[in-house]
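To get my numbering, take the position in the sequence shown, counting from 1, and add 265. Backbone N, C-alpha and C fix where the C-beta goes; we use that ideal spot for every residue, glycine too. Only a predicted model underlies this, so the values are computations on that prediction, with no experimental measurement involved.
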Amino acid sequence: MCLFCKIVNKEIPSTIILENEDFLALEDISPKAPSHILTIPKTHFTSFNDVTPQNMSGMTSFIQEVAKKVKIDKDGYRVITNIGENGGQEVPHLHFHILGGKKLSWGNF
Ligand code: AMP
Numbered sequence: 266m267c268l269f270c271k272i273v274n275k276e277i278p279s280t281i282i283l284e285n286e287d288f289l290a291l292e293d294i295s296p297k298a299p300s301h302i303l304t305i306p307k308t309h310f311t312s313f314n315d316v317t318p319q320n321m322s323g324m325t326s327f328i329q330e331v332a333k334k335v336k337i338d339k340d341g342y343r344v345i346t347n348i349g350e351n352g353g354q355e356v357p358h359l360h361f362h363i364l365g366g367k368k369l370s371w372g373n374f
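Encoded structure:
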């Protein structure tokens, strides 16, 4: 079982920001910005390459809800998903990074 599947199953502790039937948002263990949250589908998909629009139908509103909850929605934020080796993906379970809390420069990530 992969690391994020273990987090979904609560076998590994995490700081959960928001959760619903399909998705989980947790604090990144090594934050790259004042707010750095990961949103993950509870179903295992290796990366963005492996999902369909149907799989992701709730993800957009879930990310918007997370941004609102941690109060970065008004000032702005960045959403990133790394895909595969060249994309710099380290954990092979689809996740979207939500970064905010300061003015982000381009190239830090
Ligand atoms: P990526 O390089 O896109 O695969 O990002 C993986 C992210 O997962 C990195 O930002 C890590 O800091 C984060 N990460 C790794 N292990 C954990 C964990 N146990 N809890 C929370 N975040 C984690």
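Exposed or buried, residue i, counting other C-beta atoms within 10 Å across all chains shown (16 or more means buried)?
i, result
"Leu268", "exposed"
"Gly365", "buried"
"Pro296", "exposed"
"Met266", "exposed"
"Asn277", "The sequence shown places Ile at residue 277, not Asn. Ile277 comes out exposed."
"Ile337", "buried"
"Ser300", "buried"
Report all residues from its chain with a CB closer than 6 Å to the CB of residue i; omit the five preceding and five following residues, and keep chain order.
i, result
"Asn290", "In the sequence as presented, Asn is not what sits at residue 290; that position holds Ala. Correct list, in chain order: Ile282, Leu283, Ile302, Thr304, Val331."
Using DSSP bridges, identify the partner residues of residue i.
i, result
"Ala290", "Leu283, Thr304"
"Ile345", "His362"
So, with DSSP's three-state summary, where would you put residue i?
i, result
"Ile272", "helix"
"Val316", "coil"
"Phe361", "strand"
"Glu355", "coil"
"Ser326", "helix"
"Ala332", "helix"
Does the beta carbon of residue i sit closer than 7 Å to a beta carbon anywhere in chain B?
i, result
"Phe288", "Judged by its chain identifiers, the structure shown contains no chain B, having just a single protein chain."
Please go through the same chain and pick out, in chain order, the residues whose beta-carbon is closer than 7 Å to the beta-carbon of residue i, but skip the five residues on each side of it.
i, result
"Ile348", "Ser312, Phe313, Asn314, Gln354"
"Ile328", "Thr304, Val344, Phe361, Ile363"
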